[in-house]
Structure formats: structure tokens, C-alpha cells
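*Asks:* The sequence shown lines up with residues 11 to 257 when you count with the numbering used here. After the C-alpha cells below, expect a handful of questions from me.
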Amino acid sequence: MEDNQKSVLITGASRGIGKAIAQLFAANGYRVAINYHQSHKEAFALVEELSAQNQTAFAVHADVSDSQQVCDMVGQVVDQFGSIDVLINNAGIAQQKLFTDLTEADWNRMFDVNVKGVFHCCQAVLPQMITAKQGKIINIASIWGICGASCEVHYSAAKAAVIGFTKALAKEVGPSNIQVNCIAPGVIQTGMNTYLSEDELKEIISQIPLQRLGQPNEIAAACLFFASDQADYITGQVISPNGGWLI
């Protein structure tokens with residue numbers, strides 16, 4: 011193993027955007043820690059896929075809403091790789107529901123995973139990044155965190171919180187040479203959109219200037235750039251790959 015080989019911890023990496031991020035980072039020489047919560051089979055299948063290509067990866071379980079599980083996860087990754095150079099907070103949940111039908115449990119679960127999960131992971135990883143005087147944190151938000159979505163008030167609010175979190179943390183850890191940035195994807199072709207009918211998808215696509223949905227690998231490419239040396243002077247920024255839907 012090369013001494014200069016970097017490591018990345020990706021939360022929610024067993025499927026969708028997280029999986030594409032893991033594949034791209036592994037292909038670019040990173041040692042990859044694939045976090046999963048419920049998708050055990052998918053996570054270990056991804057590890058097998060990457061290992062078959064002589065890439066370094068392992069799966070690590072944690073519910074990011076649980077601080078102790080996150081601390082245990084980070085400890086396992088540091089034991090395995092020696093350090094965490096890049097943290098990508100991708101784990102998240104979504105739900106469509108009228109605001110008047112939302113329960114307190116709906117609201118709390120949304121914020122526990124999408125916001126508190128980011129808090130837990132950053133707090134667990136930052137001490138060793140601060141000691142090393144380097145590190146990259148990339149938070150995955152959503153276009154709805156910028157402009158809001160009807161019937162997704164709690165999701166939109168949670169993703170807006172991630173954006174605010176990113177900007178504030180970037181200022182705080184900048185003196186330690188740690189860059190914190192955010193990606194707010196538009197509608198990406200993943201399993202999270204299976205609730206949309208074919209007609210609904212067509213209607214969405216008709217409103218997107220590039221006339222198509224985004225692909226997971228396109229979000230992964232943005233993550234790889236933010237993690238690279240080329241992005242060393244970029245921090246506290248939000249980029250929204252959305253095909254021109256929101257400008």
C-alpha cells in the first residue's frame with residue numbers, strides 16, 4: 011500500500027449516489043470505507059466488486075443518527091486505514107408528505123438522519139483532521155435545501171440546515187487547513203425517485219434545460235473534485251448540479 015494513498019469515509023455508500031462515489035474514489039486510488047445502515051447485502055457486494063478490481067475497500071455499519079455508532083465506525087476506519095482524509099456525508103432519507111400530515115416523529119427522524127448524522131460524523135472525524143492540519147469534508151444536501159419543495163417541508167428544512175452547517179463549519183476549521191463544501195443535487199436517477207410516476211418524471215424533465223435527469227456518477231465527479239488538491243482554496247461553497255433547473 012502506498013504511503014501517500016488517501017482514505018475516504020462515505021456514509022450511505024451502499025446504493026445510489028453513495029455507491030457511485032465509492033466506485034469513483036476507489037478507481038482513483040482512494041482507500042474506501044463504505045458505510046451502511048440497513049443495506050448489508052449491497053454494501054458487501056460493493057466491497058467484493060471493488061476488491062475484484064484490486065481496489066481497497068471495506069464495509070462498516072453505523073446508523074449515523076446514533077453518536078456512539080458513529081464513534082465506533084470512525085474508530086474502525088482509522089484502525090483500518092490509519093486516518094480519514096476525506097469525509098463524505100451522503101447518508102440521508104426522504105419522505106413526501108403534506109405538512110399538515112407530518113408527525114413529530116416524521117420531523118425528528120428526518121433531522122436525526124439528515125442533520126444530526128452530519129453533525130455526528132463531522133465531530134467524530136474532525137479531531138484527527140485538525141491534528142493533521144488537513145482534511146476535506148463534503149456534505150450532500152439537495153436542490154430543495156436551496157429553493158424548497160412542496161410536500162417535502164421537513165426534507166427541505168433539513169437539507170437547508172446542512173447548507174448552513176457547511177458554511178459555518180468551513181469558517182471555523184479553515185485555519186486548520188480543512189475545506190468543507192456542499193453539493194446540492196437536482197433530481198438524480200436513483201432508487202429514491204421510484205415514488206414518481208412516468209408522467210411525473212416526464213413533467214420534471216420538461217422543466218430541466220438539459221432535458222434529462224442527473225446521473226449518480228455526475229455527483230460523484232463533483233465530490234472527487236472537492237476532494238482533490240485542485241479544490242484546496244475552495245471552502246464553504248455550495249454547488250448544485252441540477253441541469254439548469256435552478257440557476
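Heads up, the beta-carbon is just placed ideally off N, CA and C, and yes, glycines get one too.
Would you mind stating whether Ile-150 and Leu-97 have Cβ atoms separated by less than 7 angstroms?
*Replies:* Working through the sequence shown from its first residue, we reach residue 150 at position 140. Working through the sequence shown from its first residue, we reach residue 97 at position 87. Not in contact: Ile-150 and Leu-97 (Cβ atoms no closer than 7 angstroms).
*Asks:* What is the DSSP secondary structure of Arg-222, counted as helix, strand or coil?
*Replies:* Here residue 222 refers to the residue found at position 212 of the sequence shown. Look at Arg-222 here: in three-state DSSP terms it is coil, with no helix or strand label.
*Asks:* Does DSSP put Arg-41 in a helix, a strand or coil?
*Replies:* Translated into positions along the sequence shown, residue 41 becomes position 31. Strand, per DSSP.
*Asks:* In terms of alpha-carbon separation, which member of Ala-32, Asn-38, Gly-39 and Ala-37 lies closest to Asn-45?
*Replies:* Residue numbering aside, residue 45 sits at position 35 when the sequence shown is read from its first letter. Checked all of Ala-32, Asn-38, Gly-39 and Ala-37; the closest Cα to Asn-45 is Ala-32.
*Asks:* Closer than 7 angstroms by C-beta to Val-190: which residues in its own chain qualify, once you throw out the five before and the five after it? Chain order, please.
*Replies:* What you label residue 190 is simply residue 180 of the sequence shown in a count that begins at 1. Contacts found: Ile-147, Thr-176, Leu-179, Ala-180, Val-183, Thr-245 and Gly-246.
*Asks:* Smallest Cα separation from Lys-29: which of Ser-216, Ala-67, Lys-16 and Ser-152?
*Replies:* As a first step, residue 29 is located in the sequence shown; it is residue number 19 there, counting from the start. Per the Cα distances, Ala-67.
*Asks:* For Arg-41, count neighbouring C-beta atoms within 10 Å of its own C-beta (all shown protein chains included) and say buried if the count is 16 or more, exposed if not.
*Replies:* The residue given as residue 41 occupies position 31 in the sequence shown. Counting Cβ neighbours within 10 Å, Arg-41 comes out buried, since at least 16 surround it.
*Asks:* Classify Gln-189 as helix, strand or coil using the three-state DSSP reduction.
*Replies:* Along the sequence shown, read from residue 1 onward, the residue named residue 189 stands at position 179. Reduced to three states, the DSSP call for Gln-189 is strand.
*Asks:* Check whether the segment 16-30 and the segment 85-94 touch, using three or more Cβ-Cβ pairs below 8 angstroms as the test.
*Replies:* yes
*Asks:* Taking DSSP as the reference, what is the three-state secondary structure of Ser-166?
*Replies:* Here residue 166 corresponds to residue number 156 of the sequence shown, with the count starting at 1. If DSSP states are grouped into helix, strand and coil, Ser-166 belongs with the helices.
*Asks:* Can you tell me whether DSSP reads His-130 as helix, strand or coil?
*Replies:* Counting from one through the sequence shown, the residue named residue 130 turns up at place 120. Helix, per DSSP.
*Asks:* With DSSP collapsed to three states, give me the class of Ile-103.
*Replies:* Along the sequence shown, one-based indexing puts residue 103 at 93. Of the three classes helix, strand and coil, the one that applies to Ile-103 here is coil, per DSSP.
*Asks:* Could you give the residue range of the alpha helix (DSSP H) that holds Ser-216?
*Replies:* Against the sequence shown, residue 216 aligns to sequence position 206. Counting along the chain, the alpha helix (DSSP H) containing Ser-216 begins and ends at 208-217.
*Asks:* For Gly-201, name the three-state secondary structure that DSSP assigns.
*Replies:* As a working note, residue 201 is residue 191 in the sequence shown. Residue state, collapsed to three classes: helix.
*Asks:* For the segment 42-95, list the beta strand (DSSP E) runs that are entirely contained and at least 3 residues long, ordered along the chain.
*Replies:* 67-71
*Asks:* For the alpha helix (DSSP H) that Asn-118 lies in, which residues bound it at each end?
*Replies:* To locate residue 118, count along the sequence shown from 1; it is residue 108. Start and end: 114-121.
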